[in-house]
Structures are given as structure tokens and as C-alpha cells.
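With this note's numbering applied, the sequence shown corresponds to residues 54 to 412, in that order. Glycine included, each C-beta is placed from N, C-alpha and C at the ideal position. Notes for the one structure printed next.
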Amino acid sequence: MKNRVYNFAAGPSMLADEVLSELHEEFFNYHDSGMAVMEMSHRSKGYLEIFEDAKARLKRIMEVPDDYEIFFMHGGATAQFAAVPMNLLKKKADYIITGNFSRKAAQEASKFGEVNIVYDGKENDYSRIPSSEELNLSEDADYVHLCSNNTIYGTEWKKYPDTGATPLIADMSSDILSRRIDMSDFGLIYAGAQKNIGIAGIAVVIIRKDLIIEADPKTPQIMDYALTLKNDSMLNTPSTYAIYVLGKVLKWIEEIGGIKEIERRNIEKAGLLYDYLDSQSFYQPHAEKDSRSLMNVTFRTANEELDAKFVSEAAKLGLCNLKGHRLVKGIRASIYNAMPIEGVKKLVEFMDEFARENG
Ligand SMILES: *Cc1c(COP(=O)(O)O)cnc(C)c1O
Numbered sequence: 054m055k056n057r058v059y060n061f062a063a064g065p066s067m068l069a070d071e072v073l074s075e076l077h078e079e080f081f082n083y084h085d086s087g088m089a090v091m092e093m094s095h096r097s098k099g100y101l102e103i104f105e106d107a108k109a110r111l112k113r114i115m116e117v118p119d120d121y122e123i124f125f126m127h128g129g130a131t132a133q134f135a136a137v138p139m140n141l142l143k144k145k146a147d148y149i150i151t152g153n154f155s156r157k158a159a160q161e162a163s164k165f166g167e168v169n170i171v172y173d174g175k176e177n178d179y180s181r182i183p184s185s186e187e188l189n190l191s192e193d194a195d196y197v198h199l200c201s202n203n204t205i206y207g208t209e210w211k212k213y214p215d216t217g218a219t220p221l222i223a224d225m226s227s228d229i230l231s232r233r234i235d236m237s238d239f240g241l242i243y244a245g246a247q248k249n250i251g252i253a254g255i256a257v258v259i260i261r262k263d264l265i266i267e268a269d270p271k272t273p274q275i276m277d278y279a280l281t282l283k284n285d286s287m288l289n290t291p292s293t294y295a296i297y298v299l300g301k302v303l304k305w306i307e308e309i310g311g312i313k314e315i316e317r318r319n320i321e322k323a324g325l326l327y328d329y330l331d332s333q334s335f336y337q338p339h340a341e342k343d344s345r346s347l348m349n350v351t352f353r354t355a356n357e358e359l360d361a362k363f364v365s366e367a368a369k370l371g372l373c374n375l376k377g378h379r380l381v382k383g384i385r386a387s388i389y390n391a392m393p394i395e396g397v398k399k400l401v402e403f404m405d406e407f408a409r410e411n412g
């Protein structure tokens, strides 16, 4: 594909060329139906095949056990900040705050019940993930909530806390399908699709069946897990095109070798950036070494003017959207599954050149 840039945006973000070209090929006339996918009824046979295929691929790739359900829901991850407590918070829930999104999740949950903040990393500017010993988990929480990858700060859990019989719930919006996880460690995971697995418009929710219980009576139908199950994620018109794109992304992952290969690539890509960062002193990484994210690499130069110069000169070379989030400032390279290693190599080359010219 011509004139494509390396898009380091945090989300929505890059899609693989293979995915885009299949979408393009099928755009006007999907499989001889004479219509585009976005024109198809969600109840039609043709569309239901797309829907079931996406679900089956996700189950296969993530090795989702049979006692879990997969939902496609509206409103992105943010709707799940509310849906989780509306469905599951009966008395009290533990929230681990490792960044902006986990704080938002806790704030939303506090509208629906008692929220116990068991850790908050604001003192160290969210530059690290806590150890299990640092968490003051409750004895009697309905669940423990964490964010597996902190998109803005560039930190990621390497080993999840053992919460015993209390279900662990994770917002995996920015690292779902980036590496292998054991679904049975979790009661529920959710993710907006637009970072690692598709486009904006859906959240994927994977929930252990015994957690599908009666929601708070004021829960809107569209956020109710029991009703979502009963209607197989089609209580109303689902985000048909976003689910179709998700299926294409999953097909691409299977074709290149599944999650094992994705994980290998992600370790290699992030390794190039972190090895470079550790070899020099012009750039300072934000995240502490043992908490570094494979998906969002955050760092800064000596001052904000130089950061801005870096971002604008990189963009001229087709290395786009490297500006850090306003809460951390500096520079952020989001290198999700679809970012090719060539993009990362080109970025490291540019970083080195920029450091030599401006150091
Ligand atoms: C982007 C992001 C969100 C917000 O996602 P929406 O789908 O826009 O609601 C939540 N959590 C994490 C970890 C994110 O990266």
C-alpha cells in the first residue's frame, strides 16, 4: 500500500495492511451478496456467519474455557466502567489504581457501591506496577479490578495478583491479544476494540458464566450481562461493521501464527526500543524497568521544547502521532500488534539521529 505512515497513535490505531486490503476487497460486494457488510441486516444469515466466525476465532485464539461467555457490547471500555459495578458490585469492590483509566473505572464504580482503593500509584506518577504485598485487598470484596496495561503511562502487569476466590476483573483495552494470558485467572476481562483488535464501536467482554447474576434493577438493558447473554449480544443492533473488522483482525492473527507469534513479535519490537533507551542518556524512560509495557513505550527528552521538536521532525519522516498524553507529556510510541517491526526500527534509527543532533 502506497503513502502509508507508521502510525504510533494510542487508539484508534494502526490496522495490518492485510486486514485493510481484505476490507477494501469486500467493501462494495461482500461474498457475492451484492451489498456491503454495513448494509446487511444483523439478523441475516450472511451477517450471522460473520458474527459467529468472529466469536469462534476469539475463543480459539484466547483459549477461552467453555465456562466463559463472550459478549460484544456498545460504548467501548468506558461503558464497562459502569456495567461491571452495575452487574457485579453488590456490597464492596477493590480497585487497584495504576493510571488514569483505572482511576476512571473506580470513580464510576463508586456511584454504585462501596469502592475500596487498595493501591494508588500517584506518588510515583504511575511509573510502576505494585507487587502483591503492596495491595491491601479486602476479605469480602465482590471483585478486584485492575487495568492490565496503562496506555498513558506505559506500564503493564507482568504477573497478576492472586485474589483467591474473589474474581479478578481486568480492563485489557490496550493489551488484549498482545500476549498469552490464562483466562481462568480472571472472572471477567473487557477491552475496547480500537487499540489492538479492531476499530472503535465495540467492547469485547469475556465473563465466567457464574458471574452472570442479577444486575442492579436500575441497570439499563443494554448494559445488563444476563440480558446480553439471553440475546447473544443482539439485544439491539450491534456495531455490525466493528464486529466484522474484529473478525478480520482475528483471522490475520491466526494466519501469522496465533497469539504465540504475536507475543514473540511484541517482545522483539518493545525490546528494540527499551534496549536503545537503556543504552543512552538523551531520553529518559517514564516506566520503571520491571513494569514496562510491551504496547506503549513512554519517554522524554530534557525539555518540552525538544519533545515537541522530536514529534514534529518524526512526523515529517512518516513516524506519526508520537506525542505523549497530556498527563505524562513527553513522547509515547504505541506499538500495538499491527505495528510492523520495520516501523520500530525506523523509529529507533530516528531517535539515535535526533539525539546526536540535539544532544
Ligand atoms: C483507551 C482505553 C480506555 C477507553 O476506551 P474507550 O473504548 O474509548 O471507552 C479504557 N481503558 C484503557 C486501558 C484504555 O487504553
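Could you tell me the alpha carbon to alpha carbon distance between Leu142 and Ala130, rounded to whole angstroms?
17 Å
Check whether the Cβ atoms of Val137 and Leu241 lie closer than 8 Å to each other.
yes
What are the boundary residues of the beta strand (DSSP E) that His84 is part of?
That residue, His84, is in no beta strand (DSSP E); it is neither H nor E in DSSP.
Using a Cβ-Cβ cutoff of less than 6 Å, which residues in the same chain neighbour Phe61 once the five nearest sequence positions on both sides are dropped?
Counting only Cβ-Cβ distances below 6 Å, and skipping sequence neighbours, we find Asn374, Leu375, Ala386 and Ser387.
Could you check whether the Cβ of Ser227 sits closer than 7 Å to any heavy atom belonging to ligand 1?
yes
With distances taken between CB atoms, is the gap from Cys200 to Phe165 smaller than 8 Å?
no
Among Tyr278, Ile315, Val90 and Gly152, whose alpha-carbon lies nearest the alpha-carbon of Ala46?
Since the first residue shown for the chain is 54 and the last is 412, residue 46 is missing from the structure and cannot be characterised.
Buried versus exposed, by CB contacts within 10 Å (16 or more), Asp235
exposed
Since Asn390 and Asn319 should fall inside the 8 Å C-beta cutoff, what is the C-beta to C-beta distance between them, to a whole number of angstroms?
Contact check for Asn390 and Asn319: beta-carbon distance about 7 Å, within the 8 Å limit, so the pair qualifies.
With a threshold of 16 other CB atoms inside 10 Å of the CB of Ala355, please say whether the residue is buried or exposed.
exposed
Can you tell me whether Thr131 sits near ligand 1, meaning its C-beta is under 7 Å from at least one heavy atom of the ligand?
yes
Give a single yes or no on whether Thr281 has its beta carbon closer than 7 Å to a heavy atom of ligand 1.
no
Taking the straight line between their C-alpha atoms, what separation do you get for Ser334 and Pro118?
46 Å
Based on Cα-Cα distance, which residue from Pro214, Met287, Lys301 and Ile260 lies nearest to Ser185?
With distances taken between CA atoms, Ser185 lies nearest to Pro214 out of Pro214, Met287, Lys301 and Ile260.
Just verifying my parser: in three-state terms, what is the DSSP assignment at Gln160?
helix
Three or more C-beta pairs closer than 8 Å, one from the stretch 203-220 and one from the stretch 82-98: is that the case here?
no
Mind checking Ser365: buried by the 16 CB within 10 Å criterion, or exposed?
exposed
I need the straight-line Cα distance from Glu75 to Glu192, nearest angstrom please.
50 Å
In whole angstroms, what separates the C-alpha of Leu188 from that of Tyr329?
33 Å
Residues near Glu357 in its chain [Cβ-Cβ closer than 7 Å; skip 5 each side]:
Lys382
Look at Glu122 and Leu282 and say whether their C-beta atoms are less than 8 Å apart.
yes
As assigned by DSSP and simplified to three states, the class of Ile149
strand
At a threshold of 7 Å, does Asn202 count as lining ligand 1 (C-beta to nearest heavy atom)?
yes
Taking three-plus beta-carbon pairs below 8 Å as touching, is the stretch 290-297 in contact with the stretch 251-266?
Yes: the two stretches touch, three or more of their Cβ pairs being nearer than 8 Å.
Whole angstroms is fine: what's the gap from Glu314's alpha carbon to Leu111's?
About 16 Å.
Taking Cβ to Cβ, would you say Val197 is nearer than 8 Å to Asp147?
Taking the C-beta atoms as reference points, Asp147 is found nearer than 8 Å to Val197.
Is any beta-carbon of chain D found at less than 8 Å from that of Asp228?
The structure shown contains no chain D; it is built from a single protein chain.
When DSSP builds the beta bridges, which residues end up paired with Phe124?
DSSP links Phe124 through a beta bridge to Val258.
Pull up the distance between the alpha-carbon of Lys271 and that of Leu190, whole angstroms please.
Roughly 28 Å between the two C-alpha positions.
Could you say which of Val58, Lys98 and His127 lies nearest to Ile296 if we only look at CA atoms?
Among Val58, Lys98 and His127, the Cα nearest to that of Ile296 is on His127.
Rank Leu359, Thr351, Asp343 and Val397 by C-alpha distance to the C-alpha of Arg181 and give the top, closest one.
Asp343
Is any heavy atom of ligand 1 found at a distance shorter than 7 Å from the C-beta of Gln160?
The answer is no for Gln160.
Does DSSP put Leu241 in a helix, in a strand, or in coil?
strand
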